[in-house]
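Undergrad:
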Amino acid sequence: MKNPLRLRILTVFIGFMALFTIILGKALKVQLIDRDALMARSKSQFLRETKIYPKRGNIYDRNGNPLAINVTTYSIFTIPKILKGDRSSYRKLSKIVPELTYKKIKKKVHKRKRYTFLARKIPLTKAQVSKIKKLKGIYIESVPKRLYPNHELLSQIVGFVGLDNVGLAGLEYQFDKELKGEPKVIKYIKDAKGRAVKFESQSAGDTSKDIHLTIDKEIQAVAERYLKEAVIEHKAIKGGIGVMDVESGEILAMANYPTFEPNKWKKSKESLRKSSFLSNPIEPGSVFKILTVASALENKIARPDTNYYCEQGRFLVQGHTIKEADSSEAFEWLSMEDIIVHSSNIGTTKIAFDITYPNLKATLEAFNIGKKTGIEAPGESRGIFMNADNISPLSLSNISFGQGVATTGIQMLAVYAAIANGGIYNSPTIIRNGVRKSTREPVRVLSKQTADELTQMLVKAVDIGTGSKAQIPYFKVAGKTSTAQRPDSNGGYTGYIPGFVGYPVNVEKKFVIYVYVEDPQGKVYYGNLVAAPVFKKVAQYILYKNKDFSQLAMEKAGTQDSLKSFDSVTYKRSSVRTQQKDTVPNFLGLDKFSVKQLAKRFGLTIKNKGIGVVEKQKPVAGKRLKPGQIISLKYSPPHYE
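Heads up, the sequence shown is in numbering that gives the first Met the number 0, so the first residue is 0 and it goes up one at a time.
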């Protein structure tokens, strides 16, 4: 009996020791081998990290006008399980915030138990916030919301942010890191109920940056207005316009129409949210001819007075007949200057044949044709350009007058800015305050003599050639029209893209404007009739704004009749601004800067509406001033009689 009992005791003892050894081994493994991993796992279950971003930076135009700002809004949420079916708070909330109806609230919380948003980023008054905070089971937090105070203005360039304030398009996307700043990271430990009980560490964030653009808000508004009018008037698909400062390369305005409302971007078509002036290359047509002529001059292959026979309007190249843009034209001998003035396709073809493709290609590449300009806005296209050592005579002919090659609006704007700048090419820029280090350096692409000769040709093209509708009284305008054929998606061409690019010559602040309208309907589709008038209206406004209507800008300096007649712009500028100190001054014809100075002198409060110069004022000049009186002024872009 003893042996079996001892055996059982020994067996139990050995089993117990084995179990103890296993437990001890497991404990040692946990304590010595797996300690770090388990500690990290434990910590991860209770250690939390949150990021707090600084207020998003604002976006301003060159004069400090806000284009994208932050406003305080509120998000309202609830945790349905806390209320346990009590819906009285929901009813009270619907009365405090009428747009948040009880029916909407019920739909949002249906079958929900946890954290549920009832409204996100909505504006509320202080009184509403105070009442909501008193509701059981209803919680409210203030959150910044991005606001675009100018609505559609420059929307395709500025872009927009999503619900979480992350940039999704335009400069908001391109400079999201700078605008957002570096977050402050806070690490803390939660208890079993999810409450923060201990803060582990905190790392300092970096402040967000504001962005100041080169855009002039008023010029932008005028450009958008007249582009829109042209697209609607001619029943076109769309249009584009850009304005560039010649000496600095700064973009003063850039727009497309149709556009979109960034405050309601989800309701817009995706195709309208990008700037096609940057992203959609088009065949430039006759505005491209200036590059062919530039190559001939720069390579000393021809002079402005070199004559070319233009074949009476028909020229056979590799079995294809090259015709003039206006098929009724039958030019014979034209100088190179007159080829630009009359926009001869055949004349440009013959110039290109003299140049040869390698020389023309070198000129085009110097002007960044086929390359991105490097502007800071996203989505820029490099265009379409044959990167071959040589091409067929027919292809060379087509390229010489702007077919078989595609450029963006910004590329052609920069080309003409370089000519206006005496042959020095400046890469376009839209950022003024250097949020990122720029590598832009001016590059000479033409001799000054060549650039000056091209400008003289372009002046003549406006004075007596195809660009007559771009003429502005008292100013010399250099410019070129185009009536490019619009490529069809199935091959061939359907419709036209009339365009005009030009610049006033006798001004101190030089600028270039390029405008095009895509596929106008009806019989009016030439660049001179569709695009040149838009150029003229926008240029007139800029000239007035820059005060370039001085005697120095006249064709005949010192001519009193010219000065007198020039002073009779539609909204006349009165030299007598006040009659008596206690009467309302005359603001008619003044721009906003001059209004501000005059108002400051009299201690007046001004209410402005519109852009341009003062068209109407209320009360009218000469009325007796009342204490604390507000002067209402209505502005409109000036134009010349």
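Where is the CB? At the ideal position from N, CA and C, for every residue including glycine. These numbers were taken from a predicted model, which means no experiment stands behind them.
1) Evaluate Lys555 with the Cβ neighbour count: other Cβ atoms within 10 Å of its Cβ, from every protein chain shown; 16 or more gives buried, anything less gives exposed.
2) Ile272: buried (16+ other C-beta within 10 angstroms of its C-beta) or exposed?
3) Mapping the DSSP letters down to three states, classify Thr347 as helix, strand or coil.
4) Among the residues of its own chain, which have a CB less than 7 Å from the CB of Val230, if the five just before and after it don't count?
5) For Phe534 versus Phe400, is the C-beta spacing smaller than 8 Å?
6) Could you pull the start and end residues of the beta strand (DSSP E) that Gly381 belongs to?
7) Gly422 and Lys447 - do their beta-carbons sit closer together than 8 Å?
8) Can you find the residues in the same chain that come closer than 6 Å, C-beta to C-beta, to Lys468, ignoring five residues on each side of it along the sequence?
9) Starting from Val613, follow its DSSP beta bridges and name the residues at the other end.
10) Is the separation between the beta-carbon of Thr362 and that of Leu412 shorter than 8 Å?
11) Taking contact to mean 3 or more Cβ pairs, one atom from each stretch, closer than 8 Å, check whether the segment 492 to 511 and the segment 242 to 249 are in contact.
12) Starting from Asn2, follow its DSSP beta bridges and name the residues at the other end.
13) Whose C-alpha, out of Val506, Arg439, Phe276, is nearest the C-alpha of Ile471?
14) I think Ile374 touches Leu277, with their Cβ atoms under 8 Å apart; what is that distance to the nearest whole Å?
15) Roughly how many whole angstroms lie between the Cα atoms of Pro143 and Gly498?
16) Apart from the five residues on each side of it in sequence, which residues of its chain come closer than 6 Å, Cβ to Cβ, to Ile250?
17) With His233 and Val529 assumed to form a contact (beta carbons below 8 Å), what rounded beta-carbon distance in angstroms separates them?
18) Is Thr582 a contact residue of the ligand GTP, with contact defined as CB to any heavy atom under 7 Å?
19) If the criterion is Cβ atoms closer than 8 Å, does the pair Val500 and Pro392 meet it?
20) DSSP three-state call for Pro261: helix, strand or coil?
21) Would you tell me roughly how many angstroms separate the C-alpha atoms of Ser631 and Ala252, rounded to the nearest one?
22) Less than 8 Å between the beta carbons of Ile383 and Pro280, yes or no?
23) Could you give the uninterrupted runs of the beta strand (DSSP E) lying entirely in the segment 270 to 312, keeping only those of 3 residues or more?
24) Are the segment 91 to 98 and the segment 168 to 175 in contact at 8 Å, needing three or more beta carbon pairs?
25) Taking contact to mean 3 or more Cβ pairs, one atom from each stretch, closer than 8 Å, check whether the segment 65 to 82 and the segment 111 to 128 are in contact.
26) Rounded to whole angstroms, what's the CA-CA distance from Ala195 to Tyr147? Just pull it up for me.
TA: Result, derived from the coordinates:
1) With a pLDDT of only 37 at Lys555, under 50, the local geometry of the prediction cannot be trusted, and no value is derived from it.
2) In the sequence as displayed, the identity of residue 272 is Arg instead of Ile. Classification for Arg272: buried.
3) Reduced to three states, the DSSP call for Thr347 is helix.
4) Annotation for Val230: Lys237, Gly238, Tyr256, Val516 place their beta carbon closer than 7 Å to its own, counting only its chain and skipping 5 residues before and after.
5) Their beta carbons are not under 8 Å apart, which means Phe534 does not touch Phe400 by this criterion.
6) Note on residue identity: the sequence assigns Arg, not Gly, to residue 381. That residue, Arg381, is in no beta strand (DSSP E); it is neither H nor E in DSSP.
7) With contacts defined by Cβ atoms closer than 8 Å, Lys447 and Gly422 form a contacting pair.
8) Cβ neighbours of Lys468 beyond the five flanking positions: Asn527, Ala531, Pro532.
9) For Val613, which the question treats as bridged, DSSP gives the partners Tyr634.
10) Not a contact, by the Cβ cut-off of 8 Å.
11) Contact between the segment 492 to 511 and the segment 242 to 249 is present, because at least three Cβ pairs lie under 8 Å.
12) Asn2 is not bridged by DSSP to any residue.
13) For the options Val506, Arg439, Phe276, the alpha carbon positioned closest to that of Ile471 is the one of Val506.
14) The Cβ separation is near 7 Å, so the contact holds.
15) Counting only the Cα atoms, Gly498 lies some 43 Å from Pro143.
16) If we look at Ile250 and ignore the five residues flanking it on each side, its Cβ neighbours are Thr213, Met243, Pro427, Ile429.
17) Contact flag correct, Cβ pair sits at about 6 Å.
18) Although the ligand GTP was asked about, the structure shown includes no ligands whatsoever.
19) Not in contact: Val500 and Pro392 (Cβ atoms no closer than 8 Å).
20) Here Pro261 sits in helix by DSSP.
21) Here the C-alpha atom of Ser631 lies approximately 27 Å from the C-alpha atom of Ala252.
22) Yes, they are a contact pair.
23) Counting whole runs of 3 or more residues, the segment 270 to 312 contains the beta strand (DSSP E) stretches 306 to 308.
24) When C-beta atoms of the segment 91 to 98 are compared with those of the segment 168 to 175, fewer than three pairs fall below 8 Å, so the two segments do not count as touching.
25) The segment 65 to 82 is in contact with the segment 111 to 128.
26) Its pLDDT being 49, under 50, Ala195 is placed unreliably by the model, and the measurement read from it follows with that caveat. Separation of Ala195 and Tyr147 (C-alpha to C-alpha, rounded to the nearest whole angstrom) is 37 Å.
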